[in-house]
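Only one structure is covered here, and it is reproduced in the block below.
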Ligand SMILES: [Fe+2]
Ligand SMILES: [Fe+2]
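Numbering (this note's numbering), first residue to last: 8 to 397.
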């Protein structure tokens with residue numbers, strides 16, 4: 008990882024340093040008194056055993072501890088073993104790390120290269136591995152609560168991608184309880200990278216929670232193709248990453264179960280299982296996670312709204328498992344609100360673009376090319392026709 012970050016270091020909390028076990032990383036301090044001239048000195052070696060008293064001495068003596076960026080994955084993996092620290096605090100650290108890597112891709116500080124992409128994906132994989140360890144005993148409902156407690160970033164795509172990743176892991180575990188670790192990693196990594204193609208779209212468009220113009224909306228709809236193109240153009244080869252699966256999640260997460268999605272209008276089980284899982288994770292996160300933008304739905308109302316999209320936008324079989332693993336609710340009592348099949352969960356929304364249920368009945372008898380509801384903003388919520396992106 009040194010080639011991406013140079014020989015750099017990141018700061019760690021005293022509370023999140025592993026004690027009474029072999030330390031899987033070196034500990035450093037910054038001994039320089041000059042602001043712009045860092046001088047990192049190792050104060051404790053990898054594989055040594057640190058006890059509580061040693062740590063307390065460090066706490067008295069030093070302001071801050073650091074770890075080599077190239078050892079970040081060892082640090083992340085050790086978090087699960089740290090005692091006396093809340094899961095929320097540990098997941099905040101994992102989230103911060105995932106943001107560091109996503110940030111390398113979304114705002115490359117040097118020219119965007121295959122190397123930058125490969126190393127960032129490798130870092131994302133490490134973050135996903137740590138999430139899997141942390142979420143081992145978590146139900147989908149627990150993940151929802153955890154996500155609600157985390158701090159959020161100004162850039163919508165980061166929070167959203169991390170949340171989707173956590174949901175993908177827990178949905179796959181619920182749907183296929185015997186999934187192998189590698190399968191969970193691929194589902195989680197696909198969730199983390201599903202909107203990769205958005206790096207080619209201007210930030211003011213992807214961060215816009217208001218109404219989008221027809222052209223902007225058409226541009227956003229290209230992000231699955233852009234994401235696939237990025238992986239195809241850059242022959243990234245990261246150990247432990249099955250790029251064929253990641254490509255498919257990136258390319259197929261906006262396909263709808265009934266064939267009305269994009270970019271290929273695939274349907275049913277032709278859509279990769281992890282992309283179908285990602286679509287449910289995407290939808291649930293968009294309508295239940297509190298943002299500065301819109302009020303969110305309760306879990307019950309969210310499931311009822313999603314039930315209306317079951318078999319249309321999302322896979323009904325996975326959705327059934329999803330509902331059962333969250334809580335027992337009576338989905339026969341239908342929501343009085345629904346979202347259009349082209350609702351885009353990857354975009355922030357000022358107002359969730361609900362449409363009246365009457366629309367749904369008419370939609371059954373209407374030409375396939377008609378679509379209802381504007382993807383973003385509250386201005387054109389009720390059935391204004393718009394162009395389909397190719
Ligand atoms: Fe997306
Ligand atoms: Fe998304």
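Quick reminder that beta carbons are idealized off the backbone N, C-alpha and C, glycines included.
* Backbone CA spacing between residue 325 and residue 197 [nearest angstrom] -> In a straight line, the C-alpha of residue 325 is about 17 Å away from that of residue 197.
* Among all the DSSP beta bridges, which residues are the ones paired with residue 37? -> The partner list for residue 37 (beta bridge, DSSP) reads 47.
* To do: Scan the segment 194 to 260 and note each continuous alpha helix (DSSP H) run of 4 residues or more that stays entirely inside, going in chain order.
  => Those alpha helix (DSSP H) runs which fall completely within the segment 194 to 260 and span 4+ residues are 210 to 213, 221 to 227, 230 to 240 and 250 to 259.
* Asked: Between the C-alpha atoms of residue 6 and residue 37, what's the straight-line distance to the nearest angstrom?
  -> Lying before the first or after the last residue shown, residue 6 is absent from the chain, which here runs from 8 to 397.
* Is residue 201 near ligand 1, with its Cβ less than 8 Å from a heavy atom? -> Under cutoff, so the answer is yes.
* Asked: Is the segment 112 to 131 touching the segment 241 to 250, taking contact as three or more C-beta pairs under 8 Å?
  -> At 8 Å Cβ cutoff, the stretches touch.
* Exposure label - residue 375; buried when at least 16 CB within 10 Å -> Low local confidence applies: a pLDDT of 41 at residue 375 is under 50, so the model's placement there is unreliable, and no value is given.
* Asked: Sorry if obvious, but does the Cβ on residue 272 come closer than 8 Å to a heavy atom of ligand 1?
  -> No, the Cβ of residue 272 stays beyond 8 Å of every heavy atom of ligand 1.
* **Segments assigned alpha helix (DSSP H), at least 4 residues, entirely inside the segment 268 to 349** => Runs of the alpha helix (DSSP H) lying entirely within the segment 268 to 349 and spanning at least 4 residues, in chain order: 280 to 295, 306 to 316 and 323 to 333.
* Asked: Does at least one heavy atom of ligand 1 sit under 8 Å from the Cβ of residue 205?
  -> Residue 205: yes, Cβ under 8 Å from ligand 1.
* To do: List the DSSP bridge partners of residue 361.
  => Within the DSSP bridge table, the entry for residue 361 names 346 as partners.
* Cutoff 6 Å; reference residue 175; Cβ partners in own chain excluding five residues on either side -> These residues qualify, in order along the chain: 194, 195, 198, 284, 285 and 288.
* Asked: In whole angstroms, what is the alpha-carbon distance linking residue 9 and residue 47?
  -> For residue 9, the predicted model reports a pLDDT of 43, less than 50, meaning its position is unreliable; a value from the coordinates is still stated below. Rounded to whole angstroms, the separation of the alpha carbons of residue 47 and residue 9 is 15 Å.
* Sorry if obvious, but does the Cβ on residue 166 come closer than 8 Å to a heavy atom of ligand 1? -> No, since every heavy atom of ligand 1 falls outside the 8 Å radius drawn around the Cβ of residue 166.
* Confirm, please, whether the CB-CB distance from residue 147 to residue 333 is below 9 Å. => Yes, the pair counts as a contact, with Cβ atoms nearer than the cut-off.
* Nearest to residue 134 by alpha carbon, out of 203, 32, 31 and 79? -> It is 79.
* Asked: So does the segment 258 to 276 actually touch the segment 345 to 361, counting three or more Cβ pairs closer than 8 Å?
  -> Cβ pair count under 8 Å is three or more, so yes.
* To do: Could you tell me whether the segment 221 to 237 touches the segment 164 to 182, where touching means 3 or more Cβ pairs closer than 8 Å?
  => Segments in contact, no.
* heavy atom of ligand 2 below 8 Å from residue 33 C-beta -> Checking every heavy atom of ligand 2 against the Cβ of residue 33, none is found closer than 8 Å.
* Asked: Do the segment 92 to 106 and the segment 128 to 143 touch if we need at least three Cβ pairs shorter than 8 Å?
  -> Yes, the segment 92 to 106 touches the segment 128 to 143.
* To do: Could you check what DSSP says for residue 24 in three-state terms: helix, strand or coil?
  => Reduced to three states, the DSSP call for residue 24 is coil.
* Classify residue 42 as helix, strand or coil using the three-state DSSP reduction. => Residue 42 carries a coil assignment under DSSP once its states are collapsed to helix, strand and coil.
* Can you give me the Cβ contacts of residue 155 inside the same chain, cut-off strictly under 8 Å, excluding the 5 residues immediately before and after it? => Excluding its 5 nearest sequence neighbours in each direction, residue 155 has C-beta neighbours in its own chain below 8 Å: 296 and 297, listed in chain order.
* Measure the alpha-carbon distance for residue 182 versus residue 331 and round it to whole angstroms. => One C-alpha to the other measures close to 10 Å.
* **CB of residue 160 within 9 Å of CB of residue 106, strictly** => In this structure, residue 106 lies closer than 9 Å to residue 160 by Cβ.
* Stretch pair the segment 25 to 36 + the segment 56 to 74: three plus CB contacts closer than 8 Å -> Yes, they touch.
* Would you tell me roughly how many angstroms separate the C-alpha atoms of residue 49 and residue 303, rounded to the nearest one? => Rounded to the nearest angstrom, the two C-alpha atoms are 47 Å apart.
* To do: In angstroms with no decimal places, state the Cα-to-Cα distance between residue 67 and residue 88.
  => Cα atoms of residue 67 and residue 88: separation of roughly 24 Å, rounded to the nearest angstrom.
* **6 Å Cβ shell around residue 21 - same chain, five flanking residues per side excluded** => Once the five neighbours on either side are set aside, the close Cβ partners of residue 21 are 66.
* To do: Please list, in chain order, all residues of the same chain as residue 113 whose beta carbon is under 6 Å from its beta carbon, the five residues on each side excluded.
  => Result list for residue 113: 206, in chain order.
* Reference residue 347; option with closest CA among 317, 328 and 165 -> Residue 347 has its Cα closest to that of 317, out of 317, 328 and 165.
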